[in-house]
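Protein chains in written order, with the numbering used here: chain A, 98 to 397; chain B, 255 to 489.
The beta-carbon is built from N, C-alpha and C at its ideal position, and this holds for glycine as well.
Here is the structure we will look at.
Written out as structure tokens, the structure reads:
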């Protein structure tokens with residue numbers, strides 16, 4: 098039973114990270130119908146920024162949760178600036194081009210950012226310090242779930258709830274939904290859609306950076322390539338849940354996380370990706386729009 | 255109030271407007287009639303800044319607006335209710351109305367205006383929590399016009415408000431347009447294929463053919479003009 102629970106919470110943690118990244122994919126797709134392949138790199142840049150910031154801040158004598166929060170905040174702001182800039186440089190000039198062009202631009206951006214970090218930093222794995230000690234109250238269950246995992250799951254929950262409330266009730270959130278449904282009409286109602294698109298990239302990038310910081314704190318090492326793998330997995334999660342749908346991204350992330358965790362635990366870690374992508378194929382056969390996605394035919 | 259001078263607009267490679275000029279005096283209903291594909295909708299999209307003109311000039315209250323972005327033109331009080339209603343299908347009726355007031359900050363005033371619209375169209379009040387996509391064509395048209403009113407426009411551009419509606423609803427929509435013009439002193443530019451109905455409520459009219467204004471006169475004169483009768487009124 099303990100083994101099952103360990104796998105369950107391991108999958109939940111993994112799924113939460115996928116969900117945080119998948120939210121960015123799904124939001125951007127919802128607004129401009131672009132798969133932002135550079136999104137995974139934002140997650141990686143978030144992790145690197147947090148590492149650098151944490152090293153610098155710990156020299157100033159900061160430690161514990163305060164250090165994690167401050168380093169995380171710096172990473173979120175820095176990564177959000179990246180997301181904003183990428184959209185302006187690589188996607189905005191191509192907004193009226195055919196759909197393949199921005200997609201290729203996105204792949205180019207992804208390759209560029211990976212190599213940029215590779216050159217500017219290192220190709221080695223860097224060790225990421227554990228910024229938060231084990232919580233005392235987690236001691237009795239520490240063999241099932243570590244504190245860093247709890248932190249990931251709790252942060253994802255809070256972020257998802259806040260994002261949902263923001264999109265449902267705030268003025269900008271409503272403008273985002275309106276823009277996603279009919280861009281021209283949104284413009285005719287005085288909505289500055291360039292601003293809406295920028296906000297979408299900023300929020301998505303911030304969430305990916307949070308994921309990057311938390312997973313690095315959990316696993317303890319990072320390199321320039323982590324964004325590519327996590328990005329592909331999170332993209333899978335977004336498609337699985339129904340790309341464009343926010344609850345879908347979270348659901349897809351969790352399902353993918355659990356699938357991988359249980360497949361690793363009960364079958365073999367060699368088959369982790371086989372199960373993950375096998376599940377994707379299986380779901381797309383029966384529900385081409387994803388679990389919570391709406392097929393384009395019922396969109397009037 | 256709005257002056258359009260020698261406007262040339264290209265739409266998808268087509269020279270859609272060829273030196274179009276017209277004038278919308280304050281407080282009037284002016285109609286633009288013409289066949290399908292004559293360029294009427296392009297004229298509205300040019301005014302709203304969605305399809306900016308290549309040459310020519312549009313001034314609103316003396317300010318040139320032909321190089322402004324759509325959101326700035328909207329902020330000046332030029333509001334379009336486009337063809338096909340374009341209700342946000344997944345937003346509720348109330349949310350659709352709120353989007354019309356996107357640039358306003360007075361929560362109280364917005365709530366009052368929504369109440370006023372619900373009193374004007376009780377059908378919308380009944381369906382306030384339904385999503386836009388579930389409404390009938392007539393209800394969507396009422397919602398589209400109401401959404402346009404939510405920003406308290408100075409100039410309302412209406413594109414084919416009667417398209418695809420049952421005759422009873424067409425009557426209701428035109429009566430509402432007249433009422434908006436009379437009670438709020440809103441200037442209205444009405445683009446219509448239903449020339450008969452449009453000319454009955456308008457003060458002035460323009461006739462457009464293949465991107466060119468071919469006739470202009472008071473609405474009463476156009477209704478009696480032989481050419482208009484033959485081509486657009488089916489008499």
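Check: To which residues of the same chain is residue 222 (chain A) closer than 6 Å at the C-beta, ignoring the five residues directly before and after it?; Outcome: 318, 320
Check: Taking Cβ-Cβ distances below 8 Å as the criterion, which residues of the segment 265-278 of chain A are in contact with chain B?; Outcome: 268, 271, 272, 274, 275, 278
Check: Are the beta-carbon atoms of residue 276 (chain B) and residue 305 (chain B) separated by less than 8 Å?; Outcome: no
Check: Hey, is residue 318 (chain B)'s beta-carbon within less than 8 Å of any beta-carbon in chain E?; Outcome: Protein chains A and B are contained in the structure displayed, whereas chain E is not.
Check: May I have the straight-line CA-CA distance separating residue 450 (chain B) from residue 281 (chain A), to the nearest angstrom?; Outcome: 30 Å
Check: Can you give me, in chain order, the residues of the segment 322-346 of chain B that have a beta carbon less than 7 Å from any beta carbon in chain A?; Outcome: 324, 325, 328, 329, 334, 336, 340, 342, 343, 344, 345
Check: Based on the DSSP secondary-structure assignment, which residues constitute the bridge partners of residue 283 (chain B)?; Outcome: B:442
Check: Three or more beta-carbon pairs under 8 Å between the segment 330-349 of chain B and the segment 372-383 of chain B, yes or no?; Outcome: yes
Check: Taking a cut of 9 Å between CB atoms, which residues from the segment 390-406 of chain B lie near chain A?; Outcome: 401, 402, 404, 405
Check: Closer than 7 Å, Cβ to any Cβ of chain B: which residues of the segment 277-294 of chain A, in chain order?; Outcome: 278, 279, 281, 282, 284, 285, 286, 287, 288, 289
Check: Pop quiz: residue 298 (chain B) and residue 417 (chain B) are said to be a contact at Cβ under 8 Å. What is the actual Cβ separation, rounded to whole angstroms?; Outcome: Rounded, the Cβ-Cβ distance is 14 Å, inconsistent with contact.
Check: Does the count of Cβ pairs from the segment 252-259 of chain A and the segment 298-312 of chain A closer than 8 Å reach three?; Outcome: yes
Check: Listing by chain order, which chain A residues have their CB less than 7 Å from the CB of residue 273 (chain B)?; Outcome: Within 7 Å Cβ-Cβ: nothing; residue 273 (chain B) doesn't reach chain A, min ~25 Å.
Check: DSSP three-state label for residue 470 (chain B), please.; Outcome: strand
Check: Report the residue from B:315, B:354, B:340, B:343 whose alpha carbon sits nearest the alpha carbon of residue 330 (chain B).; Outcome: B:315
Check: In whole angstroms, what separates the C-alpha of residue 271 (chain B) from that of residue 372 (chain B)?; Outcome: 38 Å
Check: Inspect the beta-carbon positions of residue 402 (chain B) and residue 394 (chain B) and report whether they are closer than 8 Å.; Outcome: no
Check: Output yes if chain A places a C-beta closer than 8 Å to the C-beta of residue 442 (chain B); else output no.; Outcome: no
Check: What span of residues does the alpha helix (DSSP H) with residue 402 (chain B) cover, start to end?; Outcome: 391-403
Check: Run through chain A and tell me which residues come within less than 9 Å of residue 357 (chain B), C-beta to C-beta.; Outcome: 286, 287, 288
Check: Whole angstroms is fine: what's the gap from residue 453 (chain B)'s alpha carbon to residue 422 (chain B)'s?; Outcome: 18 Å
Check: By alpha-carbon positions, which one of A:279, A:200, A:98 ends up nearest to residue 131 (chain A)?; Outcome: A:200
Check: What is the DSSP secondary structure of residue 462 (chain B), reduced to helix, strand or coil?; Outcome: strand
Check: Got a sec? Which residues, its chain only, sit under 6 Å from residue 204 (chain A) by beta carbon, not counting five neighbours each side?; Outcome: 134
Check: Answer yes or no: do residue 353 (chain A) and residue 327 (chain A) have a C-beta to C-beta separation smaller than 8 Å?; Outcome: no
Check: To which residues does DSSP link residue 265 (chain B) through a beta bridge?; Outcome: B:268
Check: Could you compute how far the alpha carbon of residue 269 (chain A) sits from the alpha carbon of residue 290 (chain A)?; Outcome: 10 Å
Check: Please list, in chain order, all residues of the same chain as residue 360 (chain A) whose beta carbon is under 7 Å from its beta carbon, the five residues on each side excluded.; Outcome: 368, 369, 372
Check: So, is the C-beta of residue 354 (chain B) closer than 8 Å to a C-beta in chain A?; Outcome: yes
Check: Where does residue 447 (chain B) sit, in a helix, a strand or coil, going by DSSP?; Outcome: coil
Check: If we ignore side chains and look at the alpha-carbon of each, how far apart do residue 125 (chain A) and residue 377 (chain A) end up?; Outcome: 21 Å
Check: Could you check if residue 440 (chain B) is buried or exposed, using at least 16 other CB atoms within 10 Å of its CB as the buried criterion?; Outcome: buried
Check: Hey, out of A:197, A:390, A:149, whose CA is closest to residue 171 (chain A)'s CA?; Outcome: A:149
Check: Between residue 356 (chain B) and residue 167 (chain A), is the Cβ-Cβ spacing less than 8 Å?; Outcome: no
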